[in-house]
Amino acid sequence: MIVVEDTASNEIRQFFVVDAMLQLGIVKAGTQVRVFDPGRALSYFAMVEDHLHDLATQYPGAFRYLPRRVYDYLKKPVILSELCASTLDPSMASWLVDMFFARPLIAVAGRSLPDSQQGRNSELTQRWSLALPYSPRLYHIQDMRNGRRSNPGWGCALTTADLQDIMRGMNGSDVLKYIKSGLPLFMELNTPDDTDALLRWLIGLRDTGLSSPNLFFAVRSHSTWGSKITQLLEIPNTRLLTCGATISSLTAIISDLRKNGQNSSWSTRLVFASAYPETHEGESISEILSYLFSRNLAASPEDLQRILGTNLLSILPPRPSFLSYVDNDDTVISEGQFGRLCLKELARVLMLLGTKGRQNILSVDHMLSNEGSVSASSAVVTLGESSAKAATSLAVLVERDGTLRVSGWKRTFAESLSSRKNDIYATLVRASTNSSGPVLDSPAHLNQFDLSVLKCLQVRNPQEILSGLHFAVDIRETKPGVMMISSDDMRALGVSDGETVLALEGGSGQWWSARAAEGDAALRRVMVSRPDAQLVGLDSSAAVDLVKYEGHVADLREMIFAYEAIDPWTSGELSSHIHLHEDSIKKTLAGRAFGFGTRLYLGEQGQRFTMNLVRTEPELSSGQLGEAPSEGLVFRPAEAFEEINVILCLLMDQSMAVKDVNLSTDASVRRRLSSLMDNMPDLTEFLSGLEAQITRAQLAALVSLLTISQMAVNRTEGHLGFVVVSEQAHKYCIQKGNSVQASAEFAEDLPSHEVMTSLLLSIFDAARDVGGRLNVSVAYRSIAELLEDFGKDRPTLVVLIGSKLGGQEEESAPFLKAISDHERYRLDLLGVGEGFDDREARRLLRSVNGSIVPVRSFSAQVFDDYLLSAIRKLLPR
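Under the working numbering, residues 84 to 960 are what the sequence shown spells out, in order.
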C-alpha cells in the first residue's frame, strides 16, 4: 500500500494499489537472456517507491497527498502480507503495489517474440500466478492475443486484430462468458486506426443483443494519439489504463471527463497500470503517481482509491469464477490477541500445504467497503492444485480486536454474495462462525486451530500436515548439516535416514535444509548442531515446521551471495574481512544445499554479518535447493546489486602523470580484482607495474577497476558509463547492429567477455595515454548527456576523478545547470594528489548534489567504504 499524509486534512491515508498490466516471461535474443519474473518486477517496484519518495522530498509543496516512509505494518495489508511473509521468496518485501494482473510478455518494443517464446511465457505466467510464492499477489489473465488458447482467468487480453474472428474461434465461448459475467476484457491498442475494428466488433455485439463488455484499454503510447485518446472513453463501459500515459495526456483526459458532465465520476474511467517491463513509453510510474497525488489534480481520496485499485476489483466476483468448488461448513474463531497469533499460524499451515504439494494458494481476494476502500482485514483465500480446476475457499475476517474468524465457503455465501461487498461478507462470516465450530482463546489451543483449518480445507489425512508443525529446537554438539529426529517423528513425516528435510520458521520466513538422521531426540523436538544454529540464526526458543524435500538438489557451477553488516563496522571493514576470510567462509558453505530466501549469519560476536543467495548458475527456481560448489562461490556487498546507474569520468590531463599518491594495500587490491584477472594479461601487467607510490592516472584506473569489479555481478537494467577527458571527451561505446550505445548495461553487456575485455583495455589505455590540457566543460557535458540518456527510472552515481577543475567556468555553467536539474543523481569528485584544491572544487561544484573527496593515498578498504556508502546515500530507505 502507499501511505500518504493528506496535507489538507492532516490525516494519514492508505491506498491499496493494483497494477492492471504486468507482463511476465523470458526474452531470448542470441546468447542474451532476460528473465522478467515476479521477483524481478517486485524489485523494480521497490526502486519506483524510492523514486516516489525522492520526488516527495524534493517537491513537498506540489503534493496534496505526500507519500511517507512508514513502518512496515502500515503499508502491508494484514492478511495478504502474512500469507506472503511465510513464502520462500525475499522479493516479497516490496509493497508499493499490492496485487497485479499478470499476462505473458509476447512482444518487446512493438516487435513480436518468436511463437515458441510466446507459448513458453504463457505457461510461465500461469505457473507463477497459480502457485506459491507469488500466487497470493497475482491475478491470472487468459491470453487470447494472436489467436492463442490458454486457460481461463479473471478476464482476457486481446488485440483489435483478434476481434474479427474471435467469436467464431476456439476462444469464442470464453469471450462470451466474460462479456455476460461482466469480467474485464483488456484491449491492447497501438494506433488510432485500431479503433475501426474495435467499433465494428462492438456494433456486432450490440446487434446480437449482448450488453457492452467491460473494456479496459491499454494504449501503447498516449503521445501518438493526441486528442483522439479522449474519444475512447465515449464508448460505454470503458476504462483507460495509465500505462503509456504522459502527464499532459492524463490532464487532457481528466479535463475532458470533467467538462462532459462527469465531474463527480471522472475517476471511474481510469485504472492504474505499469505495463512492466515496458515502462518507458510514457512518463515514469513514479511521475504518474506523483501527478495523481498532486495539488494540481486535487483528487479526493475516493477518486484515488478508485484509480489505484477499486475500479478493477469492484467488477470481480469474490473468488475465481474459472474454478469449480467444494462447499464446506466447518469454522473456527480465535479470539483477541490469540487471533493475531493464529493469523500467522494460518499462513504457516497454508505454506506447509503448498510446500508438500497438497494445495496451493490460487487467489487472495479482498472485499470492498461501501465507501470504495479495500478492506485489508477481510479476504477470501482460494486453494487447490495448480493444474486442477477444483478448489476450496476460506472466508477470513480479522476483527478490530484481533479476533480471527475462518469459515469454509458455504452455499449460502455463493447465493448471497455475488460481488465484493464487505458489509454483506462480514455479516455472513460472523453468522457462520457464531453458529458452529470451536471458539479458541489460548495458545494451548493452537493444535486445535490447525486441525480446524485443515477441516475447513477438507484436507485428507490432516495428521500428515500436523506432524510437520511446531518442532522445538535443541542445539547440541552434533554433526553439522544433519538434523536429528526421533524415529516416531521420522515415520510421521515420511522421511528416511539421509533424506533432505526443509525446516521452516514461520515467524521470520527463514528456512533451510538439512539431512535427516534418526537419533535420540525427544518427540516433537529436533537436534541441530551449534554451527548450523549459528549459520541460520536459531536460538533455543525457536520452533520450526518440517517437511520432506521432494525435489532434486541441483549441481551448481556458481553461487553468488550478497553480504551485509549486522554489527557496527564500516562497509570497508566488512569488505576487507570477507576478503581475508574468504577461504574459511567457502569451506563453511561448500557442500551444503541452499535456496533463495535463506538468510545466513556468519562472523564472531561484534563482527557479525549476513549473506543472502542472489543468483546461481544454472538458475534455481523458488523453493529449489542447489549444492554450494567449492570453487564457484562469489561474495559481494549488497550495494553492488542495487538498481542504479554508474558514471566513471576520468580527467586525464598532463597533471595526472604526477606520481604522488601512496598505495598502502597492494595485496588487498589484487585480491579484490582477482575475479577480473582471468584471461586478462593486461590487468596482471598493470598490477605488476604498481609501486608503493603511484601516479594519479594509475589511481584513476584503480578506482575504475575496483568499481567495475564490485558492480560486475549486477544484473539489473542499470548502465555503466565510462568517459575519459583531456582536451576532448571519449565515451566508451558499444556497437549494436547499426546503432552505437554510449554505455554498457549491467544485465546485457557486462556479462559479455568481449565487452568486459574492451572496457578494461579502455581503462589501461587511459592510464597510459596521459597528457594535454584539460577542457573540463566537455566532462560536464558528457555527464549531462549520459544522465539524460539514462533517464529517471533509477538513480545515478557519478564518480569524477581528477586533480583539478580550474578554467572554463563560463563554458561549464550550462552543463552544470543541466546536471543539477536532474532529480536522482549524486556527483562525487575524487580530487587526487597533493596539489588538489578542495576549496576551489567546492566553489565550482556548489550547485551540484554530491561531495568532494580529497585523495592523497589509496587504500582498497577506504575506497570500498566510500563507494558502498555513496550507493547507500543514493538510495535512502
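All residues carry an ideal CB built from backbone N, CA and C; glycine is no exception.
Here the structure is a predicted model, which is why all the values come from computation and not from measurement.
DSSP-derived helix/strand/coil call for residue i
i      : result
Lys439 : coil
Gly365 : coil
Lys887 : coil
His528 : helix
Ala474 : strand
Gly804 : strand
Trp594 : strand
Ile712 : The amino acid occupying residue 712 in the given sequence is Pro; Ile does not appear at that position. Here Pro712 sits in coil by DSSP.
Thr799 : coil
His305 : helix
Pro937 : strand
Glu547 : helix
Ala91  : coil
Ile318 : coil
Ala780 : helix
His134 : helix
Residue i versus the options, residue with shortest Cα-Cα distance
i      : options                        : result
Cys239 : Arg186, Asp198, Glu588         : Arg186
Arg851 : Leu773, Val915, Val409, Leu436 : Leu773
Phe677 : Arg698, Pro160, Ser659         : Arg698
Leu756 : Thr393, Ala190, Leu215, Asp947 : Asp947
Thr778 : Gly916, Ala711, Ser177, Ser845 : Gly916
Asn379 : Leu585, Ser331, Thr840         : Ser331
Glu370 : Ser835, Leu696, Leu135, Ile935 : Leu135
Arg494 : Asp410, Val808, Phe376         : Asp410
Leu293 : Trp284, Ala301, Arg303         : Trp284
Ser367 : Met450, Asp628, Glu132, Ser499 : Glu132
Val807 : Ile791, Ser845, His905, Thr790 : Ser845
Phe269 : Glu700, Ala356, Ser835, Ser347 : Ala356
Ala605 : Ser809, Ser304, Ala555, Ile312 : Ala555
First through last residue of the alpha helix (DSSP H) which encompasses residue i
i      : result
Ile371 : 368-375
Gly255 : 255-264
Phe718 : Counting along the chain, Phe718 falls outside any alpha helix (DSSP H), though it belongs to the beta strand (DSSP E) covering 716-720.
Arg289 : 277-290
Phe847 : 836-851
Glu768 : 764-771
With 16 other Cβ atoms within 10 Å as the buried cut-off, status of residue i
i      : result
Arg675 : buried
Ser930 : exposed
Gly419 : exposed
Tyr156 : exposed
Pro296 : buried
Tyr154 : exposed
Ala112 : exposed
Asp921 : exposed
Thr561 : buried
Pro160 : buried
Ser822 : exposed
Gln818 : exposed
Glu385 : exposed
Ala473 : exposed
Boundaries of the beta strand (DSSP E) in which residue i is found, first to last residue
i      : result
His223 : 221-223
Pro267 : 267-272
Ile730 : 728-734
Tyr646 : 641-648
Cys239 : 239-242
Phe119 : 115-119
Glu588 : 583-588
Proximity test, Cβ basis, 7 Å: residue i and chain C
i      : result
Glu418 : Among the chains of the structure shown, chain C does not appear; only one protein chain is present.
Proximity test, residue i beta-carbon vs the ligand GTP heavy atom, cut-off 6 Å
i      : result
Val578 : Ligands displayed in this structure: none; no statement on the ligand GTP is therefore possible.
Q: Count the C-beta pairs between the stretch 560-577 and the stretch 589-605 that are closer than 8 Å, then say yes if the count reaches three, no if not.
A: By the criterion of at least three beta-carbon pairs nearer than 8 Å, the stretch 560-577 is in contact with the stretch 589-605.
- State whether the stretch 476-489 contacts the stretch 457-468, with contact taken as three or more CB pairs (one from each stretch) at a distance under 8 Å. Short answer: they touch.
Problem set entry | Stretch-stretch touch, CB-based, cutoff 8 Å, three pairs: the stretch 646-664 with the stretch 683-696 | Verdict: yes, contact present.
> How about the stretch 743-760 and the stretch 814-834: do they share at least three Cβ pairs that are nearer than 8 Å?
Replying inline: The stretch 743-760, when compared against the stretch 814-834, does not touch it at the 8 Å Cβ threshold.
Hey, is the stretch 927-944 in contact with the stretch 690-709, meaning 3+ C-beta pairs nearer than 8 Å? Per the Cβ contact rule, the stretch 927-944 is not in contact with the stretch 690-709 (fewer than 3 Cβ pairs under 8 Å).
Review point. Contact between the stretch 880-896 and the stretch 837-854: three or more CB pairs below 8 Å?
Key: No, the stretch 880-896 is not in contact with the stretch 837-854.
query: Taking contact to mean at least 3 C-beta pairs separated by less than 8 Å, is the stretch 863-877 in contact with the stretch 834-850?
result: Per the Cβ contact rule, the stretch 863-877 is not in contact with the stretch 834-850 (fewer than 3 Cβ pairs under 8 Å).
*Does the stretch 446-455 touch the stretch 531-548, meaning 3 or more C-beta pairs lie closer than 8 Å?*
No, they do not touch.
Checklist entry - Is it true that the stretch 426-435 meets the stretch 189-209, where meeting means three or more beta-carbon pairs spaced less than 8 Å apart? => result Counting Cβ pairs under 8 Å, fewer than three are found: no touch.
- Quick check: the stretch 117-131 against the stretch 307-324, are there 3 or more CB pairs under 8 Å? Cβ pair count under 8 Å is below three, so no.
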